[in-house]
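*Asks:*
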Amino acid sequence: MRKIDVSVVLNMHREALYLRPTLLSLDACANEAKNAGINVELIAVFDRPDQDTLEVFHRTPLKAFEQIKTTTIDVGSLGLARNAGIDLAEGEFVWTSDGDDLVSRNSIVELVKTARNHPHSKIAVFIDFLVAFGESYHVARYVSDQWLTAADFAYHHPYVSRIFIKRDVFQHLSYRDLKVTTGFAYEDWDFNVRLFASGFEFLVAQNTIIFYRQRSNSLLKQANAVSARMVPHSALFEPKTFVAAMADARKRNPDWQKFMRERQAIYERKFVHEMLASETLVGYVTEAAQLDPEVEPIRIEAASNYCPVPWDSQHWGFQLERFYQLVGDQPFSDVLLLPWLKPGGAEKYILQVLGELWKFGACRRLLVLSGQAASRHEWASLLPKGSVFVDVFNAFPMLDDAGRDAMIARALLAVAAEGARLHIKASPFSHRLMDSFGSVLSSTYKVVYYRFCDDSYAWRNERVNSPWAVAFLRRQLNNIHLLISDCGSIVAADWARLGAHKEKYQTIYALCASQEHPSIKRLPNKRLLWASRVSAQKRPDLLGKIATALRQDCPEIVIEVYGQIENNYHQQRLFDVPGVIYRGSYDGFQTLPIDRFDAFIYTSAFDGLPNVILEVLGAGLPVIAPDVGGIGEAVIEGETGFLVPDLVDENALVEAYVDAVRRLYGDWDRTVEIVERGRQLIADRHGEAKFRQRVSDVFELALHVEGGQSMSSLYFYADDASQKILAGDAQKIISIGGDFGYGNFGDVLQHINALRAIKKTGRFATVSVMAANAINSQAFPSFVPEAYKTDAVIFVSSYPLILVDTDPQLTRVAEIRNVAGLGLYGGGFLNSMWGDFVLSVVEHFLRLDQKINYWVSGQQITSPFEARVLEHIKAFHPKLFGVRDEVSLRLLAERGYDADFSFDDATEALEGLSDRLSIRQGQGLALHLNSSDYTANTSLADGLGRELASVASQDAARHEVTVFQAFRDSRQDVFDSSETIKRLDYLFPFHEYRTIDLVGLLFDQSSSNKQIKLDLALGYSCSYHVTLWLQLAGIPCWLRSSNSFYDQKSRALQVSQGLDEFLRNPKLADHTSNLERRATWNDKLQRHLSSIDPIENCLRFESVESGPAPWSFFYKGHPTLQDKLSSAEKDNLWLKSRAEVAERDLGATRSENAELHGRVETLSTQISVILASRSWRLTRGLRALGRLFRGEFGAVFAALRQRFTRHRS
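This note's numbering puts the sequence shown at residues 271 to 1479.
(1) Tell me which residue opens and which closes the beta strand (DSSP E) that M282 is part of.
(2) Among G1270, A1303 and A783, which residue has its Cα nearest to the Cα of F961?
(3) For Q595, tell me which candidate among Y779, R1165, A681 and D846 has the shortest Cα-Cα distance.
(4) Since H442 sits in a beta bridge, which residues does DSSP pair it with?
(5) Decide if P1134 is buried, meaning its Cβ has at least 16 other Cβ atoms within 10 Å, or exposed.
(6) Can you give me the C-alpha to C-alpha distance between D604 and V882, rounded to a whole angstrom?
(7) Tell me, which residues are paired with K695 by DSSP?
(8) Cutting at 8 Å between CB atoms, please list the residues of its own chain near K333, excluding the five before and the five after it.
(9) Put S1361 into one of helix, strand or coil per three-state DSSP.
(10) For the candidate residues C824, T1132, S712 and Q1001, whose alpha-carbon lies nearest to that of M1103?
(11) Give me, in chain order, the residues of the same chain whose beta-carbon lies closer than 6 Å to that of E362; leave out the 5 immediate sequence neighbours on both sides.
(12) Expressed to the nearest angstrom, what Euclidean distance is found between the alpha-carbon atoms of R1473 and Q416?
(13) Any beta carbon from chain B within less than 8 Å of A424's own beta carbon?
(14) What are the boundary residues of the alpha helix (DSSP H) that I570 is part of?
(15) Mind checking whether V945 and I894 have CB atoms under 8 Å apart?
(16) Who are L753's beta bridge partners in DSSP?
(17) If you draw a straight line from the C-alpha of Q1356 to the C-alpha of I1028, how long is it?
(18) Could you give the uninterrupted runs of the beta strand (DSSP E) lying entirely in the region 653–714, keeping only those of 3 residues or more?
(19) Grab me the residues of H408's own chain with a C-beta within less than 6 Å of its C-beta, minus the 5 sequence neighbours each way, in chain order.
(20) Taking the alpha-carbon positions, what's the E571 to H543 distance?
(21) For A644, which of L637, R635, A1084 and V660 has the nearest alpha-carbon?
(22) May I ask you to verify whether the region 716–734 touches the region 657–671, counting CB pairs closer than 8 Å and requiring at least 3?
(23) Measure the C-alpha to C-alpha separation of V1089 and I1122 and round it to an integer number of angstroms.
(24) For a test of the three-state rule: what should DSSP assign to I338, helix, strand or coil?
(25) When the Cα of F512 is compared with those of R446, L590, D438 and W365, which residue comes out closest?
(26) Nearest to Y779 by CA position, among L692, S755, A1222 and N305, is which residue?
(27) Please go through the region 800–846 and give each complete beta strand (DSSP E) segment of 3 or more residues, from N-terminal end onward.
(28) Using the Cβ count rule (16 or more neighbours within 10 Å means buried), how would you classify V364?
(29) Where L624 and H427 are concerned, what is the direct C-alpha to C-alpha distance, given to the nearest angstrom?
(30) Give a yes or no on contact between the region 1059–1073 and the region 1032–1050, applying the rule of three or more CB pairs nearer than 8 Å.
(31) Alpha carbon to alpha carbon, how far is Q785 from R733? Give it in angstroms, no decimals.
(32) Exposed or buried, which one is D846 when buried takes at least 16 other CB atoms within 10 Å?
(33) Is it a yes or a no for the region 503–523 touching the region 464–484, going by three-plus beta-carbon pairs under 8 Å?
(34) Please classify W738 as buried or exposed, where buried requires at least 16 other C-beta atoms within 10 Å of its C-beta.
(35) Is there contact here, the region 766–777 with the region 935–951, by at least three beta-carbon pairs under 8 Å?
(36) Could you check what DSSP says for S1240 in three-state terms: helix, strand or coil?
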């Protein structure tokens, strides 16, 4: 047998009635090739065929093939069927074929000629013309890949399924099994994408035709109907590869606009005219029509044009390059889809969950996409560090919704890390994306859908829910892996309606803090608070009616309203009602003056479990709220609040609210009890520990992982001097606590004092741990050991750092030898703000070697964080545990753990500072101010400004005023004394004062300190440690407290007077007992330190490959707000320029459309006049005869007439 040149791989399924024309067409091809000296074999692949198809094949005479091979398989997959045939091929080339198409008889000859004439072997050759026939007709003409880019291969398939290629290519590449049930489709498109990425050139065999049958039950139509119309992810779509391919395309075409114009010229050609202009090609059309009458030449003449080269120079494939540039080339562990990122309860809840995942180290890198119109995204700054936020709606104004969705889906498949999660907040954007691409996205991501409340409306005195969300779930529930709700009522409602997939639903109650000592224990003042969005959902229109009804019984009751009025909510004179006062919008619950109110009233028509309800309960304010959604899970009638029935009749509803207000005031002692039960509910069910546990359970994360692995990814760095200490033989103790290097007076003192206690033993080298983002200069790593008298310092980061020459000279810590102990020194960080971070750092070290001796000292624990602390104690068994205040002692004791009382870890250092300075009782005034967010001292006019005015009226203010600066911190969210004075502006009443930098004073050991004299009568402070320092020096000092965290500090420092009372009669705290207990603790600690045995160990810090992406190093306080604003301004300018370009293009298109519309209307009018004329009707027959005799019925019919004449003769 002669050597085979071409193997035709023919795939068949159940095409019996279409198969014979295909076979005869291929036989004609093989015969033409045989005459040209090309040997062709046919490989027939039957995949789950019916008997008719087999019979037609075997009964069709095929004479031109060198050999025919057949194989029957049962895979139900075009890709696997093609592979099966290719495995049997012997030819130099393989040409794929399908069982219902026809080809021009010169095809094999031209394909071989094109391939062999090309100098390179990495080529794929395609047919020139495609004639679609059957149910629809169009004509396409393919071009070489010089006119195409990677963007076009992403956008659509620019070639046909029939490919001609070297057989040895399939040693490295094969077709994929893309069953339509997976959501992916188009095996041939996918194969060509992978060829393109591998560097293959795509050529066209000129003057060849494939006749491509269009039928309703074809595999292509099935794929279009069932799949997401997308090929799987492959190398070409990797961000780096794709961006590089587009850069290469621009390099090959430096005049990009000219290249685009030339592409558009291809698009505007008339391919049917080009094909029928060739007598040879007309002959091939005729031959196809003779083989199969469904190839209708007259319909081909009238066929529409299809161009494989897209006309749009800004289609989404091109925009994918820009998208990749925005998000980077590192994979994301989590992706969040939102309509926008604005303040809202749902957004807050989702960010809480993601924040907890980030703390666990599970959310290593987050991508957030917003997909609907929004001018601002106020909460983008709240995303976890290293997150990427893209406003795809505004960033890509040239795309429509379908284009943006396709681009996003293509990109999401490329940027997903292994096991990535796709978090979805319900919105038209996310629902539309899932409806189009849910099947493919769910194959790559674990889809997490956050299920909040449905809209509802009243119909004939009944409450009816909107169908929008339920309809979506019915369409997409199979593609959703996890549904999370903030209340159980939504889960129950879905189960009642859907009755399936209950296992996918999980309830995680929202995280919410609670105050230990609510402010309800006072006489009521007849003022009610309403705070929410002013929108139709929240029913603010009820307030006026409630107030009017209340005035009949209690005219002094006033409802104060806070909230932003939504743009689409128009209610004239909504709050212009006696008993209702509108106070404007508010920036978070913490800014509301809740102490002024007796209760909170809520009037929503539909809801889940609103954050504001939880916050009010946690703050110790009674709640009156409707029984809608999940509100009844928190506001339990008579137990934790006053629940109003969900009544459709408005008059009855108003009366129900009035009745609840009567019950509120009717038995105030009972109301106080209800408040306490509500506060306790929040503490128990919505506290940090419970929330953490639920997130852990739902996402199947381990709170504590055995085997030395850390709960989260942390990265440690040190300079060369510290690295030598860490690798040395000396026994070491690691010191971690409140001072991570941010320059806080009290934290620095506690740190120094803790180091002194260790050094006193003379046995250990000390290793301090600070935060990498606290480094303020290149010199800081070498400054710390000298300033603190520590032997080494390690800097911790929650992500890998990218360090350059201008950054500190740090390297990753690989190991630390001979770590005998770890001490967690004191501070007020064991709370929901900072506790998790500090404990995670401690736990990271302790997991590396559980034999490390561990103790804790000087801690303040703020409820409800005691649950997390006890969890930590249970896991890591500290040898000693000391707290600095009675509240912390009690919180642990109530849960069964007896801690020691250590008092404050800065005590000795504070006393030493007083000894260094000349501080004594006198007549002057000391001030310390702090208005940072965590202090809650943000109300300047009503808070600090008013209080300072009172202080300024005292005798002490007429003597020397000393302002203490207690922070050395360039971060723009820290507002210590100097920064607060600037914020106060004219409200700061002191014009002549001196400022003392306390942190600078600590590190300055020169004798100049002795010249500072402090003669003080009293102090006003926003700092715990400034207050304690002055108290220990015999100076009465009042500590300002605006939240539960500072309330606890005030109690510890015996600040029980109000400010006015303190100013009239300053009371000096008596710390005699505390100092005695401190001395006892110091003795106990020294004995413990002396008893620590030497150890030989090595803590090894493994590289975490699956951790977050590396991030550039920034010095403390950078990037500044100005840097961020400049960056945002650049983004805005870029978006504006793109919008202007899109607007110009849109204007030009509209003008062209208007012009064409006018011409069409003119022609239509003229044609109507002609067709309506009498002469046109009378001459119709004569015109037809004239065209017939002149041969003007078209080239195809001319050819048919000529052949018919020859046949007759």
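Where a beta carbon is used, it is the ideal one built from N, C-alpha and C, also for glycine.
*Replies:* Per the coordinate set shown:
(1) Start and end: V276 to M282.
(2) A783
(3) A681
(4) Answer by DSSP bridge pairing: none, since H442 is not bridged.
(5) buried
(6) Their backbone Cα atoms lie some 27 Å apart in a straight line.
(7) Y720
(8) Cβ-Cβ distances below 8 Å link K333 to D297 and N301 in the same chain, with the five nearest sequence neighbours on each side left out; the list follows chain order.
(9) helix
(10) T1132
(11) D275
(12) Summary for R1473: the model assigns pLDDT 46, below 50, so the residue's position carries little reliability; its value from the coordinates is reported in the next sentence. Computed Cα separation, rounded: 40 Å.
(13) No chain B appears in the structure shown, which is made up of a single protein chain.
(14) For I570, the enclosing alpha helix (DSSP H) stretches over residues P567 to E571.
(15) no
(16) Y719 and Y775
(17) 8 Å
(18) 658–661 and 686–695
(19) A402, A573, S574 and Y576
(20) 8 Å
(21) V660
(22) no
(23) 7 Å
(24) strand
(25) L590
(26) S755
(27) 828–832
(28) buried
(29) 38 Å
(30) With the cut-off at 8 Å, the region 1059–1073 and the region 1032–1050 touch.
(31) 36 Å
(32) exposed
(33) Verdict: yes, contact present.
(34) Flag for W738 reads exposed.
(35) no
(36) Correct three-state label for S1240: coil.
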